[in-house]
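*Asks:* Chains as they are written, first to last, in my numbering: chain A, 1 to 581; chain B, 1001 to 1184.
Note that the Cβ used here is the ideal one computed from N, Cα and C, for glycine as well.
The structure's right below; bear with me while I get my questions together.
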Amino acid sequence: MVMSKKMSGASSLVKSLESAGVDVMFGIPGGAILPAYDPIFDSSIRHILVRHEQGAGHAATGYAQVTGRVGVCIATSGPGATNLVTPLADAAMDSVPMVAITGQVPSNAIGTDAFQEADIRGITMPFTKHNYLITDPDQIPRAIAEAFYIASSGRPGPVLVDIAKDALQKETDFNWPKELSLPGYRPQLEPINQSILDAAALIAQSSKPVLYVGGGAIKANASKELIQLAELIGVPVVTTLMARGVFPDSHPLHFGMPGMHGTVGAVTALQKSDLLITLGARFDDRVTGKLSTFAVNAKVIHADIDPAEIGKNRFADVPVLGDLKRTIAALIPAVKAEFAKKAPDYSAWNASMNKLRATYPLGYDLPKDGSLSPQYVIERLSAITGPEAIYVAGVGQHQMWASQFVKYENPRTWLNSGGLGTMGYAVPAAMGAKVGAPDTPVWAIDGDGCFQMTNQELVTCALNNIPIKVAIINNESLGMVRQWQTLFYEGRYSNTSLESKRIPDFVKLADAMGCIGLTCDRPEDVDAIIKKANSINDQPVVVDFRVFKDAMVWPMVAAGTSNDDIMIAREMAPDWDSQEL
Amino acid sequence: MSKHTLAVLVENSPGVLARVAGLFSRRAYNIDSLAVGPTENPAISRMTIVINVESHSLEQVIRQLDKLVNVIHIAELKPTESVQAELILVKISATDKNRFDVDAVLETYDAVIVDESSQTLTIEATGDAAKVSDLLNALERFGIRELAQSGLVGIERGSSSLAERTLSVESIPTAESGQADYQN
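Take a look at the structure:
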């Protein structure tokens, strides 16, 4: 018989978190969660006291994206919990395994509009994979065990466990469950053999296939298998915003990112393809453009762990439900067997795509006034720091440039808020990433707009020995919105100017937060300043790169239009007539 | 647009109705009726949901519904392969003068009088959607004062049961130490 030990619900919670393998969590205490903070004081779990709960949530996400483990954040009831709403929605959109613990008002006060009461379970139902309200302390270990299992299995996602204060205070027995009973939750990991065979047959029959790879390939740790499959088939590979790094940028089969700001090669390869070999991607509107005009001649193999993604936006001729690592591993021998029967000939397709890629590489014009080009800064940052580092972006122009101009070679080295598009993601997510990978350089590439939303977590970084580096791409405006105003609103810059590169003074702000502040506004200083920042490893560093504010992200497929209408610069489409497609 | 009836077995846990209703609302699925009640197993509730969808998106509705952790099983109840019924309680104007006519209608539809006053009769009837609709049409001429109608419930014909087919679920071992790599 297992001896159970009498303890408080709070101690049971902390023991449960320890039993679930938690080594770090990000949070802020408050009234309702306060009982839990007493045993946290003695726990082996490292608790990092953040400055805003949103920071705790994104830090948990950053930690999870880098390590593949479940990120954990903790907050009190009411405003503490509602401040986690954005990170939870963010984690749901980007399939990040995360567990959020929140305190709730005592069970007899629930529903009375008590002080700091908010129905966080109700609020977060739409964008958590599952959530709990626990009022019985005996249920705490089971809820925590289930939360970690649900968050990390199948398609990963956030799970919230809301615990009433009295459940934390009451005495209970701690019993870590030996098994879980979740009759309604059975992720199917093993793909059905017939769908693998069907997929392989379709690949062999196709003449213009493309590997359309999404973030699921990173979640499934399928990078190695993916490279093998791609080399076996030998056709263009595109990696979505969420998948950057899962397939090396330097690989000759890599065509870059598809979508609204994708390369001409990647966008066109999808568009002209006759078979999309879709691996852990979800036909997001930012990839497809106007859906009815997307890759109209292509059949679709759609491999995903989430059955609801298959056929959601685009009909799948061959659906393959299962874990992507296992799916790709099973596809390799199946495709080999098909190719042994009849060797495919993709040479014409590859030749035309290679020519297109060579004709339209990513590029940018340097500002005519000699000011600093944001793309140049990011390109140099990547070249000097290298592909072993981790890059974390906010949302906007700098995010797209960071996806385009940083050269990624490894999975889990590129973090951004892809689905929800959360401005302010970069600094806290970089903090979490650095905690998860303390020996790896972590660069946040942030906009000046984004940075002003969440920079307070640099205080957390400074005080907790989390030496991240932040490159502020400071164009004194909300650059992406400004770009849309330039293109679609006749240059009427309504409320997108942040008005000054001096206010706030980011160098002084960095200094005030215990960080090293550097500034750079001349192209000739970029390399030296990046090297200087890279040499500082005992303190967070903030570099204020004061850049040209009229730079734009190209190529671009305007929202709601067809990928066929991709523009490589303002009012400039690729010269399709000279291409044989 | 076409109507489909789904039988949904869910865990009998707090919030499950909100989860299902919220899913339908946020994904803009049209719900015609929803009935929830206990089953032979106290741990499980059963929802019967009538939805109005384009036929190609029924599968999407089912898959999204199935992602809810508390949803155990979903089956489409085809009209020809299931028994379906809804319940109505209807208060009509009735006096001694037309009582004979009312009785004739009630007899045709197997409806019963469950309450009466000097000017009204309250009638209870059950049946599939067509029968209930016909009955209401027949009662219209007496004057319908108030109508309470349940959602549709349904059950498959034949000897098999949804619960038998779905509840042989093995449990999941928890990680011995640290976090299991559940994905791989």
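Among the residues of its own chain, which have a CB less than 8 Å from the CB of residue 384(A), if the five just before and after it don't count?
*Replies:* Cβ within range, chain order: 527, 530, 531 and 534.
*Asks:* Cα separation between residue 247(A) and residue 553(A)?
*Replies:* Those two C-alpha atoms are separated by around 23 Å.
*Asks:* Could you compute how far the alpha carbon of residue 433(A) sits from the alpha carbon of residue 1150(B)?
*Replies:* One C-alpha to the other measures close to 53 Å.
*Asks:* So, under 8 Å CB-CB, residue 448(A) and residue 474(A) are touching, yes? Tell me the CB distance rounded to an integer number of Å.
*Replies:* Indeed, because the Cβ distance is near 4 Å, the residues count as touching under 8 Å.
*Asks:* If you draw a straight line from the alpha carbon of residue 1085(B) to that of residue 559(A), how long is it in whole angstroms?
*Replies:* Cα to Cα, residue 1085(B) sits roughly 48 Å from residue 559(A).
*Asks:* For residue 1164(B), would you say it is in contact with chain A, using Cβ-to-Cβ distances shorter than 9 Å as the test?
*Replies:* By this cut-off, residue 1164(B) is not an interface position.
*Asks:* Got a sec? Which residues, its chain only, sit under 6 Å from residue 371(A) by beta carbon, not counting five neighbours each side?
*Replies:* Excluding positions up to five away in sequence, the list reads 548.
*Asks:* If I measure Cβ to Cβ from residue 586(A) and keep anything under 7 Å in the same chain, skipping five residues before and after, which residues do I get?
*Replies:* The structure shown does not extend to residue 586(A), since chain A is modelled only from 1 to 581, so the question has no answer here.
*Asks:* Below 7 Å on C-beta distance, what does residue 1067(B) contact in chain A?
*Replies:* Chain A residues near residue 1067(B): 308.
*Asks:* For a cutoff of 9 Å on Cβ pairs, would you count residue 1173(B) as touching chain A?
*Replies:* Yes, residue 1173(B) counts as interfacial toward chain A.
*Asks:* Taking 8 Å as the cut-off, does the region 1081-1099 of chain B touch the region 1131-1146 of chain B (at least 3 CB pairs, one atom from each stretch)?
*Replies:* Yes, they touch.
*Asks:* Which whole-angstrom value is the C-beta distance of residue 32(A) and residue 111(A), which I expect to be below 8 Å?
*Replies:* Not confirmed; about 15 Å, so no contact.
*Asks:* Near residue 43(A), what residues of its chain come up, given a Cβ to Cβ distance below 6 Å and the 5 sequence neighbours on each side ignored?
*Replies:* Only 14 meet the Cβ criterion.
*Asks:* Counting only C-beta atoms, is residue 150(A) closer than 9 Å to chain B at any point?
*Replies:* Closer than 9 Å: yes.
*Asks:* On the DSSP letters alone, give me the boundaries of the alpha helix (DSSP H) that residue 354(A) sits inside.
*Replies:* Where residue 354(A) is concerned, the enclosing alpha helix (DSSP H) stretches over 347-359.
*Asks:* Any idea which residues DSSP pairs residue 391(A) with across the strands?
*Replies:* Paired residue(s): 414(A) and 443(A).
*Asks:* Which residue or residues does DSSP assign as beta-bridge partners of residue 1123(B)?
*Replies:* DSSP lists 1090(B) and 1113(B) as partners of residue 1123(B).
*Asks:* In the DSSP assignment, find the alpha helix (DSSP H) that holds residue 87(A) and state where it starts and stops.
*Replies:* 85-93 is the span of the alpha helix (DSSP H), which, as asked, contains residue 87(A).
*Asks:* Output needed in chain order: residues of the region 165-193 of chain A with a Cβ under 9 Å from some Cβ in chain B.
*Replies:* Listed by position, the residues of the region 165-193 of chain A near chain B (Cβ gap below 9 Å) are 176, 177, 178, 179, 180, 181, 182, 183, 184, 185, 186, 187 and 189.
*Asks:* Is DSSP giving residue 501(A) helix, strand or coil here?
*Replies:* Reduced to three states, the DSSP call for residue 501(A) is coil.
*Asks:* Using a 10 Å radius around the Cβ and a threshold of 16 neighbouring Cβ atoms, would you call residue 153(A) buried or exposed?
*Replies:* Under this definition residue 153(A) is a buried residue.
*Asks:* Thinking C-beta only, is residue 7(A) closer than 9 Å to residue 174(A)?
*Replies:* In contact: residue 174(A) and residue 7(A) (Cβ atoms closer than 9 Å).
*Asks:* What is the residue span of the beta strand (DSSP E) that residue 132(A) lies within?
*Replies:* Segment 130-134, the beta strand (DSSP E) holding residue 132(A).
*Asks:* Considering only the beta carbon of each residue, do residue 87(A) and residue 60(A) sit closer than 9 Å?
*Replies:* Going by C-beta atoms, residue 87(A) is nearer than 9 Å to residue 60(A).
*Asks:* With 16 as the cutoff for other CB atoms within 10 Å, does residue 1097(B) come out buried or exposed?
*Replies:* Exposed, because fewer than 16 other Cβ atoms sit within 10 Å of the Cβ of residue 1097(B).
*Asks:* Return the CA-CA distance between residue 180(A) and residue 172(A), expressed in angstroms with no decimal places.
*Replies:* Looking at the two C-alpha atoms, the distance is approximately 20 Å.
*Asks:* Just the Cα atoms here: how many angstroms apart are residue 1125(B) and residue 1105(B)?
*Replies:* Near 12 Å, if we compare the C-alpha coordinates of residue 1105(B) and residue 1125(B).
*Asks:* Just verifying my parser: in three-state terms, what is the DSSP assignment at residue 1003(B)?
*Replies:* Strand at residue 1003(B).
*Asks:* When DSSP labels each residue in this structure, what does residue 545(A) get in the three-state scheme?
*Replies:* Strand.
*Asks:* Tell me which residue opens and which closes the beta strand (DSSP E) that residue 7(A) is part of.
*Replies:* Its beta strand (DSSP E) spans residues 5-8.
*Asks:* Let me see if you follow: with CB-CB separation under 9 Å, is residue 660(A) close to chain B or not?
*Replies:* Given a span of 1 to 581 for chain A in the structure shown, any question on residue 660(A) remains unanswerable.
*Asks:* Residue 343(A): which of 579(A), 233(A) and 143(A) sits nearest, CA to CA?
*Replies:* Considering only alpha carbons, the answer is 233(A).
*Asks:* Would you mind listing the beta strand (DSSP E) stretches within the region 101-168 of chain A that are 3+ residues and don't spill past its ends, in chain order?
*Replies:* You should have 130-134 and 158-164.
*Asks:* Roughly how many angstroms separate the alpha carbons of residue 255(A) and residue 264(A), rounded to a whole number?
*Replies:* Straight-line Cα distance between these residues: approximately 9 Å.
*Asks:* Which bits of chain A does residue 1072(B) rub up against, with CB to CB less than 7 Å?
*Replies:* 183 and 184, listed in chain order.
*Asks:* In chain B, what lies closer than 9 Å to residue 224(A) by C-beta?
*Replies:* Under the 9 Å cutoff, chain B gives no residues; its nearest Cβ is about 12 Å from residue 224(A).
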